Amino acid sequence: MSRQKFSLVTDIPLIIWLTLVWSALWQDFGPGTLIPGFIIAIVVVNFFYLPPVGLSGRFNVLSLIAFSGRFLVDLVTASFEVFWLAISKGPDLRNAVVAVRLRTRSDLILTATGHVTSLVPGSFVLEVDRGSSTLYLHCLNIVTPKDADAVRASVLRSEAGLIRIMGTRKELDELRAEESTP
Amino acid sequence: MLTDVIVSILLIGGAFMSLAAGIGLLRFPDLLSRMHAATKPQVLGLLLVLAALAVETGSWLLLPVLFLCWLFQLLTSPVSALMVGRTGYRTRHLRRELLTLDELDDVVERAIVDQAERQRPAGADGADAGVQDGPGGSAGAAR
């Protein structure tokens, strides 16, 4: 297996991240911890390489904050919804396996969308089809086709949020075009 | 005093999420719906308990560790849910009569047929890239 020696776009964020993790674990952000952490991060990135992740080169912090806020709200409401379902419906629950076809071709956004969907109680990813960017979700309390549509819409909304954070220019333009023509 | 109140609210909230998961595990009818209950204390419950810790100690240096603790849970729990769910689905550990809609069934069936056909003439062909590669990947092995 060969890999380009040092690609700045993918390695620099990884090295910074590893350095911060190192310092966080030592609970010390002084130079005495940061500099060894940085050196270890470089060694780790060069010796234990991961399959390259296709980053788009853009990252919108404002969108990230908005997305995190919505994620937390969803998390709390969905947690209580599932709790209520456990009490009120329990064994009579009807579920569904729903296929959602995403717009993106990027592995990173596909994975992130799957994660966000799995983390919010009420739906989790059962199967991923990378070739066609399709997520197969198991969802609680789906009785009518309308409920399934609501799930699809909410997953696509998560994906749109993630594209706004770190999608490519092209995906973002397509998203804007889609939103302006309802 | 105020921190004590906040800490107790957060801790009780976290414990409540575990209680909710326990009730869910008992009440939900099959493996896949129980998985939903199992993810809850891991995400929101843990967040509440960690937030309680952060408020109680009041140390800024502890905050990154607590954040990492939560983040790694967020990264790993969907992966384990996928592995358990996927295996459970393929080994028929689910009650199909509880599903109102199943859009994966056909795909998996087709993938199994495809894989069987591919293996017959070419021998150990290995995985080749294709639309069915994802769902069909280890269909044979998992059954």
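Read top to bottom, the protein sequences are chains F and L. Position 82 of the first sequence, counted from 1, bears residue number 73 in the numbering used here, the numbering being contiguous throughout. Going from the second sequence to the numbering used here is simple: count from 1 and add 24. Even glycine gets a Cβ: it sits at the ideal position worked out from N, Cα and C. Only a predicted model underlies this, so the values are computations on that prediction, with no experimental measurement involved.
Where does residue i fall in DSSP's three states?
i, result
"F:N37", "helix"
"F:F115", "strand"
"F:R85", "coil"
"L:S162", "Bear in mind that the predicted position of L:S162 carries a pLDDT of just 42, short of 50, making it too unreliable to give a figure here."
"L:L74", "helix"
"L:R134", "helix"
"F:V134", "coil"
"L:V79", "helix"
"F:L93", "coil"
"F:L126", "strand"
"L:A153", "Bear in mind that the predicted position of L:A153 carries a pLDDT of just 42, short of 50, making it too unreliable to give a figure here."
"L:R54", "What sits at residue 54 of chain L in the sequence shown is Asp, not Arg. Coil, per DSSP."
Nearest to residue i by CA position, among the options, is which residue?
i, options, result
"L:Q97", "L:D138, L:V67, L:G46, L:A135", "L:V67"
"L:R114", "L:E121, L:S104, L:L128, L:L122", "L:L128"
"F:I3", "F:P82, F:I30, F:F20", "F:I30"
"L:G109", "F:L117, F:D164, F:F38, F:F20", "F:L117"
"L:V103", "F:V107, F:F50, F:R49, F:G60", "F:V107"
"F:L76", "L:G82, L:R120, L:V137, L:I47", "L:I47"
Given a cut-off of 8 Å on the beta-carbon distance, is the pair residue i and residue j in contact?
i, j, result
"L:T111", "F:P112", "no"
"L:L122", "L:P53", "yes"
"F:V44", "F:D120", "no"
"L:P88", "F:A15", "yes"
Tell me where the alpha helix (DSSP H) around residue i begins and ends.
i, result
"F:L53", "52 to 79"
"L:H117", "No alpha helix (DSSP H) contains L:H117, which DSSP labels as neither H nor E."
"F:D19", "Premise fails: F:D19 is in no alpha helix (DSSP H) and is neither H nor E."
Taking just the CA atoms, how far does residue j sit from residue i?
i, j, result
"F:L101", "L:L26", "43 Å"
"L:V132", "L:Q143", "16 Å"
"L:R51", "F:P136", "25 Å"
"L:T100", "F:T68", "22 Å"
"L:L106", "F:G105", "10 Å"
"F:L5", "F:F38", "13 Å"
Residue i lies in the beta strand (DSSP E); which residues open and close that run?
i, result
"L:D126", "123 to 126"
"F:T172", "Here F:T172 belongs to no beta strand (DSSP E), and DSSP marks it neither H nor E."
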